[in-house]
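Only one structure is covered here, and it is reproduced in the block below.
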Amino acid sequence: MNIMVVGVGGQGTLLTSRIIGKTALQAGFDVKLSEVHGMAQRGGSVVTFVRFGEKVYEPVVEEGNVDVLISFERLEAKRYAHFLKKDGVLIVNDCRIDPMTVVIGAKTYPENIIEALSKDHTVYKIDGGAIAKELGNSKVLNSVVLGLAAKHIGFSEEQWIEVLQKTVPQKTIEINTLAFKAGYEK
Amino acid sequence: MDEKIIMLGNDAIARGAFEAGVKVSSAYPGTPSTEISEILAKYEEVYTEWAPNEKVAVEVAAGASISGVRSLACMKHVGLNVASDPVYTLSYTGVNGGMVIVVADDPGLASSQNEQDTRMIARSAHLPVLEPSDSQEAKEFIKFAYEISEKYDTPVILRTTTKLSHSQSIVELNDRVVPEDKVYERSVPKYVMMPASAIARHKVVEAREDKLAVDSCNFFVNKIEDGDKKIGFITSGVAYQYVKEVMPTASVLKLGMVNPLPKKLIEDFISSVETVYVFEELEPVIEEQVRSWGLNVKGKECFTKQGEYSANLLKKVLFGADDVVFEKEETPNRPPILCPGCPHRSVFSVLNKLKIHAAGDIGCYTLGAVAPLNVIDTTICMGASISALHGIEKAKGKEFIKNWVAVIGDSTFLHTGVNSLINMVYNKSTATVLILDNRTTGMTGHQEHAATGKTLKGEDTFAIDLAVLCKSVGVKNVIEVNAFDIANLEKTIKQSVNGDELTVIIAKAPCALLKGQKFPNKCVPVAEKCVQCGMCLKIGCPALTKTPNGIKIDETMCNGCGLCMSYCKFGAIEKVGR
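For the protein sequence lines, the chains are R and Z, in the order given. Remember, the working numbering sits 289 above the position in the first sequence when you count from 1. Remember, the working numbering sits 131 above the position in the second sequence when you count from 1.
Okay, here's the thing in structure tokens:
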């Protein structure tokens, strides 16, 4: 299984891929994760990969090989949709963050991204930010989105929640669990 | 202990050093090597430190080794250039306790100024190089590196790359085993590299490398994986994973030691397989040596010398097609940017307003080169801003640099910038140097340095005062300003560039991401006053966006620094409490 998690620096992309990796390890699979560091944390586009199976060699997933693409932002979904397999699934958090190229007016933010992507791909969208805010902490949006993605990755809800609770900060265990469930039940 | 966990490559390198019984480690941060030292610092048993630069780090590790303990120095590829002076000569002296230098290359330039290949330097320094291909190997190889180091009396380089350092795979943990300290014995022929000693040691170096080329044919890190005899690959590091991904049944010679090469093993492999490809990222280091032995292999005529390799790249060469099914669509790119509340943005907004050119340096502030700030003209290497500006003045005269400054961060200044400043003082510069003092090593993720008052282990220590340091080397005009006081900054910079004396301006304000920073305020637009002139957007803050109804400020991103407010002539932005 090949998973790609993309977003904008600071959205929790790394944490999400680590939870997926740990869940797969717990389930007895060989696992590899790959992350981009360095300049990415300065509001750039962030890409991480998780692969699991009997035996995994390459630590990244390449164009044409992604089973589940999780994007925390619309434009990032469009940017990386070509990584999907023909029958891959795209999970997209319905949120817009303008890149500097758009802010200064050099480029325009494309309209109707999700509708356009839905023509070629199986797309599930969710407004993770709104659901997280309702729960009382907009920062747990990544757990909401992960909840939705989890159903398309596999493993049981209990397996996911066990790892989630071991990975997130102690103080946020409860709200992250609620957020995950909200996404999972969508 | 046989716990299995998922571990970052850099984490595994640190764990391996710990298990190998390393006692002293010194490093300077640099992507993608930084986490090794941060993780190693958590082991109480190991002394770890940030050195001001990589040359110092290697010399510290050398001293520890000569005294008789296992030691470590870590750096990114360009850090090895800074450290190359001691590295070349330590190849002659050899070691007492084992010594390993971890060097992280960055093919694909995730966060670097060039794409150099550490194996080239290792070859000319005659140092053995080990190259793991996943986290488990990273841990095992560094332990093996200490064995070789002590057995063959040589520092050993462990080469990693961005993909290995920043990917995670499963690792089995072992306990720490500390070998008994070696006895220190004074030996002028071995440790005092004056000509008579060095002439003799050069012979030792050559003999050692010849012996390693023979012995390494039997090292466990070099192994033949028998398979299809029609097609075979000689490969190492992460590139091995791509080969296995694409050609699981091919014959593979996986090299864990990439310098010196195990000649006999390679000859045997090539003679047993019909067509052999050398699949190595960056320079044709293996390929050219193999060809020089009169053997026929395929290599860089098929595979690029640039960037990271991939399974798709290999598929394209072998089968003429990759796995891509959907076309890549044109999307506005999302380059990295200075964070909301970043003090560099404030300084750059003033330089931009004054139309001043900046000789730049290595750090987050390199991002000042791009729109909308557009102030950095040059970025070469650590410390080069100050010396390059000096060169410009000496070439074109003092009038030419009336609209130039050098900009350098606090950590970079202490790394190698201070040498360049001494040169300016000595050689009568009239330039303006701006030290962007954000109290941390920002770009690599907030590491302490000699002016922060904390060590890598988190202990309190003396904090070097940058202003006092500059004055003490002879700079008469040293001016400290608040980086967010743009009126004062403008006045000070104007005065300084137009003056005839060397001036150092230290623009002070902590990095917005630094732990413990409090942001009690936020900036909010006042719609009825906004004339949509766009002045506030010129500072390039990501919290600000233009909408048909005026300016919008994202309240979760805004840190309330007030820079946008300072540039609004209409009072259409206000600072309010959260």
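Each residue gets a CB set at the ideal place from its N, CA and C atoms; glycine is no exception. Keep in mind it's a predicted model, so treat the numbers as computed, not measured.
Beta carbon proximity, residue i to chain R, threshold 8 Å
| i | result |
| --- | --- |
| residue 358 of chain Z | no |
| residue 458 of chain Z | yes |
| residue 175 of chain Z | no |
| residue 627 of chain Z | no |
| residue 676 of chain Z | yes |
| residue 134 of chain Z | no |
| residue 462 of chain Z | yes |
| residue 453 of chain Z | yes |
| residue 355 of chain Z | no |
| residue 241 of chain Z | yes |
Between the CA atoms of residue j and residue i - distance to the nearest angstrom
| i | j | result |
| --- | --- | --- |
| residue 407 of chain Z | residue 139 of chain Z | 32 Å |
| residue 459 of chain R | residue 401 of chain R | 39 Å |
| residue 741 of chain Z | residue 688 of chain Z | Summary: the structure shown does not reach residue 741 of chain Z, with chain Z confined to residues 132 through 709, and so no result is reported for it. |
| residue 405 of chain R | residue 303 of chain R | 27 Å |
| residue 655 of chain Z | residue 385 of chain R | 20 Å |
| residue 703 of chain Z | residue 452 of chain R | 48 Å |
| residue 445 of chain Z | residue 375 of chain Z | 11 Å |
| residue 281 of chain Z | residue 465 of chain Z | 48 Å |
| residue 474 of chain Z | residue 618 of chain Z | 14 Å |
| residue 324 of chain Z | residue 199 of chain Z | 19 Å |
| residue 329 of chain R | residue 298 of chain Z | Low per-residue confidence applies at residue 329 of chain R: pLDDT is 48, beneath 50, and the placement is therefore not dependable enough to give any value. |
| residue 657 of chain Z | residue 389 of chain R | 22 Å |
| residue 350 of chain Z | residue 287 of chain Z | 15 Å |
| residue 494 of chain Z | residue 681 of chain Z | 34 Å |
| residue 126 of chain Z | residue 706 of chain Z | It is not possible to answer for residue 126 of chain Z, since the shown part of chain Z is limited to 132 through 709. |
Buried/exposed call for residue i, threshold 16 Cβ in 10 Å
| i | result |
| --- | --- |
| residue 333 of chain Z | exposed |
| residue 520 of chain Z | buried |
| residue 362 of chain R | buried |
| residue 648 of chain Z | exposed |
| residue 478 of chain Z | buried |
| residue 366 of chain R | buried |
| residue 402 of chain Z | exposed |
| residue 327 of chain Z | exposed |
| residue 236 of chain Z | buried |
| residue 296 of chain R | buried |
| residue 593 of chain Z | exposed |
| residue 423 of chain Z | exposed |
| residue 709 of chain Z | exposed |
| residue 338 of chain R | buried |
| residue 360 of chain Z | exposed |
| residue 342 of chain Z | exposed |
| residue 400 of chain Z | buried |
| residue 372 of chain Z | buried |
Short CB-CB distance (under 8 Å) between residue i and chain Z
| i | result |
| --- | --- |
| residue 389 of chain R | yes |
| residue 297 of chain R | yes |
| residue 396 of chain R | yes |
| residue 407 of chain R | no |
| residue 325 of chain R | yes |
| residue 373 of chain R | yes |
| residue 334 of chain R | yes |
| residue 443 of chain R | no |
| residue 383 of chain R | no |
| residue 292 of chain R | no |
| residue 310 of chain R | yes |
| field | Any beta strand (DSSP E) of 3 or more consecutive residues that is wholly inside the segment 314-354 of chain R | value | Segments of the beta strand (DSSP E) lying fully in the segment 314-354 of chain R: 319-324 and 334-342.
| Taking the runs of the alpha helix (DSSP H) that are 4 residues or longer, which of them lie wholly in the segment 621-679 of chain Z? | Secondary structure in the segment 621-679 of chain Z: no alpha helix (DSSP H) run of 4 residues or longer lies completely within the stretch.
| field | Proximal residues, the segment 678-690 of chain Z versus chain R, C-beta separation under 9 Å | value | Correct list: 685, 687 and 688.
| task | Pick out the complete alpha helix (DSSP H) segments inside the segment 139-171 of chain Z, 4 residues or longer, and give them in chain order. | result | Runs of the alpha helix (DSSP H) inside the segment 139-171 of chain Z: 140-150 and 165-171.
| request: Check distances from the C-beta atoms of the segment 467-498 of chain Z to those of chain R and list, in chain order, the residues that come in under 8 Å. | output: Of all residues in the segment 467-498 of chain Z, 467, 468, 469, 470, 495 and 498 have a Cβ within less than 8 Å of some Cβ in chain R.
| Relative to chain R, which residues along the segment 416-448 of chain Z have a C-beta separation below 7 Å, given in chain order? | Those residues of the segment 416-448 of chain Z that come within reach of chain R (Cβ to Cβ, closer than 7 Å) are 441, 442 and 443.
| Residues in the segment 640-653 of chain Z with C-beta within 9 Å of chain R's C-beta atoms, listed in sequence order? | Of all residues in the segment 640-653 of chain Z, 644 have a Cβ within less than 9 Å of some Cβ in chain R.
| said: Against chain Z, which members of the segment 342-362 of chain R pass a CB distance test of less than 8 Å? | reply: Sequence-ordered contacts of the segment 342-362 of chain R with chain Z read 345, 346, 347, 348, 349, 351, 352, 353 and 354 [C-beta pairs closer than 8 Å].
| request: Kindly provide the ranges of any alpha helix (DSSP H) runs that are 4 or more residues long and lie completely inside the segment 402-476 of chain Z, ordered along the chain. | output: Within the segment 402-476 of chain Z, the complete alpha helix (DSSP H) segments of 4 residues or longer fall at 416-423 and 442-450, listed in chain order.
| task | Taking a Cβ distance cut-off of 7 Å, strictly less, list which residues of the segment 284-313 of chain Z are near chain R, in chain order. | result | Cβ contacts with chain R: 294, 297, 298, 299, 300 and 301.
| request: Could you run through the segment 417-451 of chain R and flag, in chain order, every residue whose CB is less than 8 Å away from some CB of chain Z? | output: Only those residues of the segment 417-451 of chain R whose C-beta falls short of 8 Å from the nearest C-beta of chain Z are listed: 427.
| request: Please list the residues of the segment 374-387 of chain Z that have a C-beta atom closer than 7 Å to any C-beta atom in chain R, keeping them in chain order. | output: The residues in question are 375 and 376.
| query | Using a Cβ cut-off of 9 Å, which residues of the segment 498-510 of chain Z contact any Cβ in chain R, in chain order? | reply | Here the close residues are 498, 501, 502 and 503.
| task | Pull out every residue of the segment 456-469 of chain R whose Cβ sits closer than 7 Å to any Cβ of chain Z, in chain order. | result | Listed in sequence order: no entries.
| task | Please specify which runs of the beta strand (DSSP E), each continuous and at least 3 residues long, are wholly inside the segment 296-347 of chain Z, giving them in chain order. | result | Correct list: 298-303.
| request: Give, in chain order, every unbroken run of the beta strand (DSSP E) that is at least 3 residues long and sits entirely within the segment 158-240 of chain Z. | output: Runs of beta strand (DSSP E) with 3 or more residues, each lying fully within the segment 158-240 of chain Z, are found at 178-181, 202-207 and 230-236, listed in chain order.
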